[in-house]
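Colleague: Below you will find the structure I want to go over with you.
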Amino acid sequence: MKRKRPARRGEEETGEAAAATLKRGPWTPEEDEVLARFVAREGCDRWRTLPRRAGLLRCGKSCRLRWMNYLRPDIKRSPITGDEEDLILRLHRLLGNRWSLIAGRLPGRTDNEIKNYWNSHLSKRLIAQGIDPRTHKPLMAAADQSHAAAASDKRTVPTEPRTMAPPSTVQPSCPAAGIGGSDDRARPADGGGDFAAMVSAADAEGFKGFGDQLCAEDAARGGFDMGSASTMVGDDEFSSFLDSLINDEKFVDYLVIEGNDHEQGNGDIGQGDVMEFKQ
DNA sequence: AATTATCGCAACCGCCGATAA
DNA sequence: TTTATCGGCGGTTGCGATAAT
């Protein structure tokens with residue numbers, strides 16, 4: 001069930017009243033300079049009042065976005081490398097469309113950049129190779145699955161509510177902070193990225209450590225929630241956990257898939273399954 | 001050379017959970 | 001306890017650049 005947004009807030013920042021006074025559209029170099037200077041001088045703790053204090057005719061959201069996605073000094077301008085692309089693929093398979101979480105693992109990259117790169121490059125390439133970019137499974141199997149899912153539920157995306165980590169685990173977004181990584185909410189992957197199943201599968205195939213701990217605690221609670229998990233074990237440990245999943249052989253090998261599953265149509269990527277993903 | 005289609009990126013929109021009042 | 005505000009997120013749109021016809 002969607003929560004009704006308070007009208008006042010929307011009117012304030014994005015509504016017609018604001019549109020009459022606030023500037024929109026592409027940022028000018030002058031605006032960029034004003035914003036960058038102001039953030040360097042005053043910091044970026046209160047985006048809502050920042051434009052007024054800085055003398056910008058933009059809404060706070062717009063300023064924040066411009067800073068986060070373009071003006072921050074630690075942003076990489078270079079094209080996404082093969083290694084980064086590989087990491088994006090693995091992380092997307094683990095996390096689904098959790099772009100900020102994915103960006104948190106790629107220093108210098110923003111969630112918007114990764115999202116755009118995924119939508120314009122990687123998802124198309126996967127489709128061309130017969131792989132469903134949402135599930136990372138062969139398209140035929142994915143189609144079967146979604147068909148089955150549709151029969152029981154109109155939605156293919158889990159309707160679980162978001163779980164946001166406490167502020168203590170949320171990194172600041174000012175210059176000193178890394179890019180991305182502010183999303184510790186870590187919902188289960190949208191559309192087929194069933195993280196609990198994935199962790200269990202990884203565990204069943206030899207993954208030990210956090211998988212055991214998280215699954216056991218999850219079982220006790222009656223449901224797995226990666227957001228809680230990351231909070232529960234702390235950022236460093238969660239980070240290590242993620243690293244271990246990313247680097248796990250199972251996910252390294254996933255770049256190449258054997259033809260068997262295509263024929264069997266079960267879509268599962270198990271041990272020995274190798275998914276072709278070459279440029 | 002002109003027109004149309006496609007692509008990629010920047011920015012916006014609407015929603016959410018957290019939190020201050 | 002309730003309500004308003006805030007920061008942050010993912011999804012979507014708009015537009016300029018480029019390619020194709």
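Quick note on numbering: the first sequence equals residues 1 to 279 in UniProt numbering. The beta carbon of each residue, even a glycine, is placed where N, CA and C say it ideally should be.
1. At which residue ranges does the segment 22–104 contain complete alpha helix (DSSP H) runs of 4 or more residues, listed in the order of the chain?
2. Compute the Euclidean distance between the alpha carbons of Leu106 and Asn119, then round it to the nearest angstrom.
3. Output the distance between the C-alpha atoms of Ile80 and Val34, rounded to the nearest integer angstrom.
4. Tell me which same chain residues have a C-beta within less than 7 Å of the C-beta of Gly222, skipping the five on either side of it?
5. Measure the C-alpha to C-alpha separation of Glu113 and Gly82 and round it to an integer number of angstroms.
6. Alpha carbon to alpha carbon, how far is Trp27 from Asp243? Give it in angstroms, no decimals.
7. Out of Glu85, Trp47, Thr110, Ser100, which one is the CA nearest neighbour of Arg77?
8. Name the DSSP beta bridge partners of Ile131, please?
9. Relative to the C-alpha of Asp45, which candidate in Leu95, Cys63, Leu22 has its C-alpha closest?
10. I need the boundaries of the alpha helix (DSSP H) containing Asn112, first residue and last residue.
11. Within 10 angstroms of its Cβ, does Gly55 collect 16 or more other Cβ (buried), or is it exposed?
12. Between Tyr70, Thr21, Arg48, which lies nearest to Gly108 when the distance is taken from Cα to Cα?
13. Expressed to the nearest angstrom, what Euclidean distance is found between the alpha-carbon atoms of Lys137 and Gly104?
14. In this structure, does DSSP put Leu242 in helix, strand or coil?
15. Return the residue from the list Glu85, Leu95, Ile102 that minimises the CA-CA distance to Arg125.
16. Alpha carbon to alpha carbon, how far is Trp67 from Lys23?
17. Cα separation between Arg8 and Cys59?
18. Candidates Thr135, Gly130, Gly43: which alpha carbon is nearest Leu95's?
19. Is DSSP giving Val126 helix, strand or coil here?
20. Hey, how far is the Cα of Arg98 from the Cα of Pro73?
21. Under 8 Å Cβ to Cβ from Ile127, same chain only, skipping five residues before and after it: list those, please.
22. Any idea if Arg52 is buried or exposed, counting beta-carbon neighbours within 10 angstroms, 16 or more meaning buried?
23. For Thr21, which option in Asp32, Leu57, Arg37 has the closest C-alpha, if you only look at C-alpha atoms?
24. Determine the closest residue to Ile88 out of Arg48, Ser123, Trp47, with distance taken between C-alpha atoms.
Modeller: The structure says:
1. 29–42, 50–54, 60–66, 82–95, 99–103
2. 17 Å
3. 29 Å
4. Because Gly222 carries a pLDDT of 36, less than 50, the predicted location of this residue cannot be relied on, and the following value inherits that uncertainty. Closer than 7 Å at the Cβ level, and outside the excluded window around Gly222, lies no residue.
5. Roughly 15 Å separates the two Cα atoms.
6. 37 Å
7. Thr110
8. Pro138
9. Cys63
10. 111–117
11. By the neighbour-count definition (other C-beta atoms within 10 Å, threshold 16), Gly55 is an exposed residue.
12. Tyr70
13. 25 Å
14. helix
15. Glu85
16. Distance from the CA of Trp67 to the CA of Lys23, rounded to the nearest whole angstrom, comes to 16 Å.
17. The predicted model places Arg8 with a pLDDT of 35, which falls under 50 and marks its position as unreliable; any figure quoted below should be read in that light. Going from the Cα of Arg8 to the Cα of Cys59 covers about 14 Å.
18. The candidate whose alpha carbon is nearest that of Leu95 is Thr135.
19. Inspection of the sequence shows that residue 126 is occupied by Leu rather than by Val. The three-state reading of DSSP puts Leu126 in helix, counting H, G and I together.
20. 23 Å
21. Cβ neighbours of Ile127 beyond the five flanking positions: Pro133, Leu139.
22. exposed
23. Leu57
24. Relative to the Cα of Ile88, the nearest Cα in the group Arg48, Ser123, Trp47 belongs to Ser123.
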